Amino acid sequence: MKKIIIVVFILIFSHSVKAQYKGQWRAIHAYEMTSGKGFFGMTLEGEYFPLNYFSLTSAVSFYIPATGNARGFDINARYYLTEKARQWYALLGYGHYTRIYEFNPKGSVKYDSINLGVGGMIKLIDEIGLNPEVRYQPIGRDEFIFKLGVVYFIN
Numbered sequence: 398m399k400k401i402i403i404v405v406f407i408l409i410f411s412h413s414v415k416a417q418y419k420g421q422w423r424a425i426h427a428y429e430m431t432s433g434k435g436f437f438g439m440t441l442e443g444e445y446f447p448l449n450y451f452s453l454t455s456a457v458s459f460y461i462p463a464t465g466n467a468r469g470f471d472i473n474a475r476y477y478l479t480e481k482a483r484q485w486y487a488l489l490g491y492g493h494y495t496r497i498y499e500f501n502p503k504g505s506v507k508y509d510s511i512n513l514g515v516g517g518m519i520k521l522i523d524e525i526g527l528n529p530e531v532r533y534q535p536i537g538r539d540e541f542i543f544k545l546g547v548v549y550f551i552n
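Here it is as structure tokens:
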């Protein structure tokens with residue numbers, strides 16, 4: 398899993414260097430809270446616009462359970478409904494979640510899920526903004542994920 402995370406970040410960085418002027422790029426650092434287990438986590442996310450009003454995002458989340466560790470990986474497509482200083486969007490995507498238990502015979506649990514949600518980009522200044530988001534994962538985890546992030550508008 399660590400190799401996959403490293404490869405994803407290298408791909409995001411290498412594409413941002415080559416394609417920065419073709420479409421808009423955003424980097425997001427966020428914190429998440431899950432509804433079911435109450436896990437708190439940190440997320441690193443990249444967003445790219447291949448078309449107007451449509452973006453692709455990939456995100457890696459690291460959660461802090463009471464024992465063991467948990468992490469998630471999401472790939473989402475966002476469609477922006479508004480523009481200007483407050484941009485609201487709907488999202489659809491795929492999520493993978495892994496929970497590794499300590500002192501438990503289960504060992505680890507993995508879930509694959511569909512992401513359904515809504516969110517927004519609220520510009521504070523030209524380069525910085527806030528990103529609130531709510532996602533529901535009906536398959537696998539069956540819980541809501543609440544996210545609040547800081548956005549850096551790259552171009």
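Each residue of the sequence shown is one higher than the one before, starting from 398 at the first, in our numbering. Ideal Cβ placement from N, Cα and C applies to all residues, glycine included. A quick note: this is a predicted structure, and the numbers were derived from the prediction, not measured.
Query                                                                                                                                               : Result
Flag this pair as yes or no: are the beta carbons of L488 and R468 separated by less than 8 Å?                                                      : no
Classify F436: buried if its beta carbon has 16 or more other beta carbons within 10 angstroms, exposed otherwise.                                  : buried
In chain order, what residues of the same chain lie with their CB nearer than 7 Å to the CB of M518, ignoring the 5 residues before and after it?   : Q484, G526, N528, V548
On the three-state DSSP scale, how would you describe T342?                                                                                         : The chain is shown only over 398 to 552; residue 342 falls outside these bounds and no answer can be derived.
Would E530 pass as a contact of S432 if the rule is Cβ separation under 8 Å?                                                                        : no
What does the alpha-carbon distance come out to for the pair K503 and D523?                                                                         : 48 Å
Alpha carbon to alpha carbon, how far is K544 from V515?                                                                                            : 11 Å
For D539, name the three-state secondary structure that DSSP assigns.                                                                               : coil
Given a threshold of 16 other Cβ atoms within 10 Å of its Cβ, counted over all protein chains shown, does T464 qualify as buried or as exposed?     : exposed
Closest to H493 by C-alpha separation, out of S455, I461, Y508, would be which residue?                                                             : Y508
Under a Cβ-count criterion, where at least 16 other Cβ atoms within 10 Å of its own Cβ denotes burial, should A416 be classed as buried or exposed? : Note that A416 has pLDDT 31, beneath the 50 cutoff, so the model's placement of it is unreliable and the number below is only indicative. Classification of A416: exposed, given that the 10 Å Cβ count is below 16.
Measure from the alpha carbon of E442 to the alpha carbon of each residue in N449, L453, L448, K434, then state which is nearest.                   : L453
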